[in-house]
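Counting from 1, position 173 in the sequence shown corresponds to residue 785 in our numbering; the numbering is continuous, with no gaps.
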Amino acid sequence: MLMLSAADLLIFVIKSRKMKIKNHTVLITGGTSGIGRELARALAKDNRVIVTGRSEQRLTEARKDGLTAWNCDLTVPRQIEALVVKLEQEFPQLDILINNAGIQFNYNLLETPSSYEKINREITTNLTGTIHLTQLLLPLLSTKPSTIINLTSALGTVPKSDGLVYSAGKAGLRNFTAGLRKVLRNKSVRVLEIIPPVTDTRMTAERGENKMPVDELVRIILRQWERGYQLIAPGKVKFLLLLQRSLPGLADRLIG
613 MLMLSAADLL IFVIKSRKMK IKNHTVLITG GTSGIGRELA RALAKDNRVI VTGRSEQRLT
673 EARKDGLTAW NCDLTVPRQI EALVVKLEQE FPQLDILINN AGIQFNYNLL ETPSSYEKIN
733 REITTNLTGT IHLTQLLLPL LSTKPSTIIN LTSALGTVPK SDGLVYSAGK AGLRNFTAGL
793 RKVLRNKSVR VLEIIPPVTD TRMTAERGEN KMPVDELVRI ILRQWERGYQ LIAPGKVKFL
853 LLLQRSLPGL ADRLIG
């Protein structure tokens, strides 16, 4: 029998202030594809949106849609630092940071030769580059009511056997998000965490069926964000997180 305490359920109902997502200036990392791209499209209707990415083709496509699109590789510190300088100069009104960029390599550690470069790229993109960018932007964001949103993963709580490096990076990002919220609790900067379900994007092309359409996910995100939720965990994610608290062995078997 699944036994849940009040504390288990509380994580899904804690709210901060409600907000209207309108007339803001938004930076979305990895905003040229997948969830980030759909978020950018939705937010651009009522906000100024800047997206970053590494593909010049996708950046060009984003510009054609009216977005400000800049090249930035989160594994290269000097590019992150140059991005922050450019934002300070051109968009000092920036008040929403969405850390969406991420990559995932699926492989069995016992059967695949170790590659430090591959491990480092995955961890840097998913964790350390994101932390570096966030810390550099804190002085700018702290001058006004602002929002930082980190897209993490349920695999940061229940690791996947063929995605251990990705799971480790997302576990780090989940902890960073919780800690950042503590650090900023007396500031005007709000911190949100989004844990998407398996979503129908290029990253999950080989993941079979039962994937949430990306436009549906974005509608849920925007609705719960405006309502003030600090943790947004759509679809089956909420069940998986609760299962991990009460029956961790079963949660592990479900993820594989």
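Where a beta carbon is used, it is the ideal one built from N, C-alpha and C, also for glycine.
Since residue i contacts residue j with CB under 8 Å, what's their CB separation in whole angstroms?
i           : j           : result
residue 650 : residue 827 : 6 Å
residue 708 : residue 636 : 5 Å
residue 867 : residue 770 : 5 Å
residue 660 : residue 638 : 7 Å
Would you list the residues sitting across from residue i in a DSSP beta bridge?
i           : result
residue 708 : 638, 759
residue 683 : 665
residue 803 : 760
residue 811 : 824
residue 843 : 805
To the nearest angstrom, report how far apart residue i and residue j are at their CA atoms.
i           : j           : result
residue 841 : residue 725 : 42 Å
residue 723 : residue 646 : 29 Å
residue 804 : residue 760 : 6 Å
residue 765 : residue 704 : 30 Å
residue 798 : residue 696 : 24 Å
residue 720 : residue 774 : 5 Å
residue 830 : residue 823 : 14 Å
residue 812 : residue 701 : 36 Å
residue 767 : residue 845 : 13 Å
residue 850 : residue 630 : 21 Å
residue 834 : residue 633 : 8 Å
residue 757 : residue 790 : 19 Å
residue 782 : residue 676 : 32 Å
residue 848 : residue 727 : 33 Å
Residues in the same chain with beta-carbon distance under 8 Å from residue i, minus the five sequence neighbours each way, listed in chain order, please.
i           : result
residue 687 : 732, 733, 736, 737, 741
residue 678 : 656
Please return the same chain residues whose Cβ sits closer than 6 Å to the Cβ of residue i, not counting the five positions on each side in sequence.
i           : result
residue 663 : 640, 643, 644, 652, 674, 679, 681
residue 777 : 731, 734
residue 792 : 803
residue 753 : 801
Residues in the same chain with beta-carbon distance under 7 Å from residue i, minus the five sequence neighbours each way, listed in chain order, please.
i           : result
residue 784 : 739
Inter-stretch contact (C-beta, 8 Å, three-pair minimum) for the segment 731-751 and the segment 700-719: Segments in contact, yes.
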